[in-house]
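Counting with the UniProt record's numbering, you get residues 1 to 324 for the letters of the sequence shown.
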Amino acid sequence: MPEPLVPMSGTTADKFLSKQVYKNNRIAQNMFSSATRKDKKIMLPQTLLKGLTIQKLWDNVFQDNTEFLRKYHDRRNESKLEIGPWDYAVDHGSGSRFVSLVAIVEVPRAGTPTPLNQAHRFAYINTPEGKLMLVYQISSQTPEVPAGGSFRTEAYFEITADSADSDCSIAIWGNCRKMSMSFSAIQYIATPRAIKEMTSAYRQMVNMISEDTRTMARTSHVAMTMLSQDRAMWEGSRAGGRGPAPASTGGWMCEEKALLTAAREAQIQTMRYRWMEQQAEIEHLQRTVSLLKWMAYVQVAAVVVALSGFGYLLKRHLDLTPEA
1 MPEPLVPMSG
11 TTADKFLSKQ
21 VYKNNRIAQN
31 MFSSATRKDK
41 KIMLPQTLLK
51 GLTIQKLWDN
61 VFQDNTEFLR
71 KYHDRRNESK
81 LEIGPWDYAV
91 DHGSGSRFVS
101 LVAIVEVPRA
111 GTPTPLNQAH
121 RFAYINTPEG
131 KLMLVYQISS
141 QTPEVPAGGS
151 FRTEAYFEIT
161 ADSADSDCSI
171 AIWGNCRKMS
181 MSFSAIQYIA
191 TPRAIKEMTS
201 AYRQMVNMIS
211 EDTRTMARTS
221 HVAMTMLSQD
231 RAMWEGSRAG
241 GRGPAPASTG
251 GWMCEEKALL
261 TAAREAQIQT
271 MRYRWMEQQA
281 EIEHLQRTVS
291 LLKWMAYVQV
301 AAVVVALSGF
311 GYLLKRHLDL
321 TPEA
């Protein structure tokens, strides 16, 4: 079982990260800007992740070999995902890793697959106010797009909680880091576009985290309800003098069986919601197609009328020409 994160005391995240040592030669200090950089743009305001502590969020999302990140990148149609293991510091309060994948970009043309390289790092600290803060940074680069090597996009996560057992909140900022002078020529075009794309991506990530948390909560609630009902029925049958349940039933439902049943119910419910959303989207597309068909009919009719009028005028002109 992975070791839990251990918050560091007596330092700020920015001071620690500025001195961080990277074992992976594909990660360097100049890939990252200061976490306190003033011109970074807010992409997600502080949002409460109800039901998640910082440690639970780490275990479910950012830890080595989590299913969540693979599901997230699959949903974004990104492929060839390779997530390197974390290189933790000795105190387990910071670390770094390298991630590579093939992403879909809009430059030089929409829907272009291109390699994307990411350097991840984090620092987990006790703040002077007595709260916990996890600072998580992602520095990304698409070297094969035009001028892609001249800059890096950066995302800054600040995840805070009042205590280790409290629900955490997340806020995300973004910006571009200039890696060469050639970026100066495109920065006023590239930066807004990068911020827009990152905002969409990380809001989708947070929405998926919230969705998974609600699913887990529903699963737990259904499981506990089923356990209580099954136990009450079993105990009621014994109190009624009918004796223990048949051996084939194994007594009241075990917790593992209840959790599996509840998980299936939650999955069915989630699939039902997604089916309803897809149905609404299909209906919207059908209405759009129907409208486009009518517009096409109107355009064809207009062309026919125009051609008829032109033919009539041409005929009159030809009829009048001999007389003239």
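Quick reminder that beta carbons are idealized off the backbone N, C-alpha and C, glycines included.
In this structure, Gly95 is the residue among Asn77, Gly95, Pro7 and Asp74 with its C-alpha nearest to the C-alpha of Gly84.
Between the C-alpha atoms of Ile195 and Arg152 there is a straight-line separation of about 12 Å.
Ala123 is the residue among Lys80, Thr321 and Ala123 whose C-alpha sits nearest the C-alpha of Lys19. Around Thr213, the same chain offers Leu49, Lys50, Gly51 and Leu52 as residues with beta carbons nearer than 8 Å, after the five sequence neighbours per side are excluded. A residue is called buried when at least 16 other Cβ atoms come within 10 angstroms of its Cβ; Thr321 does not meet this threshold and is exposed. A check of alpha carbon separations from Met198 across Met179, Ala103 and Leu318 identifies Ala103 as the nearest. Excluding its 5 nearest sequence neighbours in each direction, Lys38 has no C-beta neighbour in its own chain below 6 Å. Cα atoms of Thr47 and Gly174: separation of roughly 16 Å, rounded to the nearest angstrom.
Shown here for Phe68: same chain residues with a beta carbon closer than 8 Å to its own, the five before and five after excluded, namely Asn60, Val61, Met208, Ile209 and Asp212 in chain order. Around the beta carbon of Glu154, 16 or more other beta carbons sit within 10 angstroms, so the residue counts as buried. Distance from the Cα of Gln55 is smallest, within the candidate group Asn30, Asn65, Arg70 and Glu3, for Glu3.
Every unbroken stretch of the beta strand (DSSP E) spanning 3 or more residues and falling wholly within the segment 2–90 is given here in chain order: 41–49 and 79–83.
When the Cα atoms are used, Thr160 and Ile138 turn out to be separated by approximately 18 Å. The DSSP-derived three-state label of Ser139 is strand. Counting along the chain, the unbroken beta strand (DSSP E) around Glu154 starts and ends at Phe151 to Ala161. Leaving aside the five residues that flank Met43 on each side, the residues in its chain whose CB is nearer than 8 Å to its CB run, in chain order, Ala155, Ile172, Trp173, Gly174, Ile195, Met198, Thr199, Tyr202 and Arg203.
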